[in-house]
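Chains as they are written, first to last, in my numbering: chain A, 1 to 151; chain B, 1 to 162.
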């Protein structure tokens, strides 16, 4: 699953968590810094992306600023019904992420919709579909994150 | 905040990623019938508005060996949850940190902090660090490890027809 990274790949993964310049040649600075051509930098990033070590390269949008609505939700699914409920919940295109977690509330998913009203409507539809209560945990405040992966 | 139709087109054309060539904006601009300079100008405007957070890449934690992922949850005194949340958020191992409503009586927790690590033990040790930081303001806490990814799709802006 995990392959060994070269020192260059580690440096690239770390540097790409910064903000690159919004300029015609975004890899110019990195190329100079690493003593490579811009083509080589782009090629290494392409390999990291194709190998799944980086999810994608490009602008990261603030999902909320784009006008969408999001909400973390949880369901306490009886273990014997897990696969059945999972199939029903995942069938909703509004379910963006879904994780199984080791807790009585064992299914945690994020609803992503175009409006706030659609969040409640989708949660209610899932409740009707599964016969299980959906708890809503909307983000009330986001705290600044200093996190970076040190590759 | 509403996007102009042109901005929306630009978001749709770039949200899945830019081509990995030396002049990616020139390629995208051509497909949109814009000049490279115009596209960069619009993107700078979106960045100034906070709609674009940054230009870069996101690492895949799992593929980098950080396979343990614990959602730590805390019942923190409402009077101090925001000031303590700021301190938890900047801890170097916390990837997301939010205040969310409680769901009483089953769910007393109002502060959520996601912690990634290579092993569960590492994540548990980091939970103790958060616990020390919160001190007596925290009445109860729990940690929920993810045992399976059930679905993971990008959060995409859909086309108007979608």
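Glycine included, each C-beta is placed from N, C-alpha and C at the ideal position.
**Prompt:** beta strand (DSSP E) containing residue 117(B): first to last residue?
**Reply:** Unbroken beta strand (DSSP E) run through residue 117(B): 111-117.
**Item:** Any chain B beta carbon closer than 8 Å to residue 78(A)
**Value:** No, residue 78(A) does not count as interfacial toward chain B.
**Item:** Endpoints, beta strand (DSSP E) assigned at residue 99(A)
**Value:** First-last of the beta strand (DSSP E) with residue 99(A): 95-101.
**Message:** Please state whether the Cβ-Cβ distance between residue 95(A) and residue 87(B) is less than 8 Å.
**Reply:** Not closer than 8 Å, so no.
**Request:** Show which residues of chain A have a CB atom less than 8 Å away from the CB atom of residue 20(B).
**Result:** The answer, in chain order, is 42, 43, 45, 46, 49 and 57.
**Prompt:** Could one say the Cβ of residue 129(B) lies closer than 8 Å to chain A's Cβ atoms, at least one of them?
**Reply:** It does not; no Cβ of chain A falls within 8 Å.
**Prompt:** Just to confirm, are residue 74(A) and residue 135(A) a CB contact at a threshold of 8 Å?
**Reply:** Against a cut-off of 8 Å, the Cβ pair of residue 135(A) and residue 74(A) comes out as a contact.
**Message:** Relative to the C-alpha of residue 35(A), which candidate in 21(A), 19(A), 56(A) and 11(A) has its C-alpha closest?
**Reply:** Nearest of 21(A), 19(A), 56(A) and 11(A) to residue 35(A), Cα basis: 11(A).
**Asked** When the Cα atoms are used, what is the spatial distance from residue 143(B) to residue 70(B)?
**Response** Cα to Cα, residue 143(B) sits roughly 6 Å from residue 70(B).
**Request:** Given a cut-off of 8 Å, decide if residue 6(B) and residue 42(B) are closer than it, judged by their beta-carbon atoms.
**Result:** Cβ atoms of residue 42(B) and residue 6(B): closer than 8 Å.
**Item:** Candidates 44(A), 140(A), 21(A) and 98(A), of which the one nearest residue 7(A) by Cα
**Value:** If you compare the alpha carbons of 44(A), 140(A), 21(A) and 98(A) with that of residue 7(A), the shortest gap goes to 44(A).
**Asked** Which ranges would you report for the beta strand (DSSP E) in the segment 27-70 of chain A if only whole runs of at least 3 residues count?
**Response** 54-61, all fully within the segment 27-70 of chain A.
**Request:** Measure the Cβ-Cβ separation of residue 93(B) and residue 117(B) and say whether it is below 8 Å.
**Result:** It is a contact, given that the beta carbons lie within the stated cut-off.
**Minimum Cβ-Cβ distance from residue 85(A) to chain B less than 8 Å** = It does not: the Cβ of residue 85(A) has no partner Cβ on chain B nearer than 8 Å.
**Message:** So residue 95(A) contacts chain B; which residues on that side make the cut at Cβ distance below 7 Å?
**Reply:** Within 7 Å of the CB of residue 95(A), the CB atoms of chain B belong to 151, in sequence order along the chain.
**Asked** In chain order, what residues of the same chain have a beta carbon less than 8 Å from the beta carbon of residue 105(A), not counting five sequence neighbours either side?
**Response** Excluding sequence neighbours, residue 105(A) sits near 74, 75, 76 and 135.
**Request:** Consult DSSP for residue 149(B) and reduce its assignment to one of helix, strand or coil.
**Result:** DSSP places residue 149(B) in the strand class (E or B) of the three-state scheme.
**Prompt:** Which residues, taken in chain order from the segment 77-94 of chain B, show a beta carbon closer than 8 Å to some beta carbon of chain A?
**Reply:** Those would be 82, 85, 86, 88, 89, 90, 91, 92, 93 and 94, in chain order.
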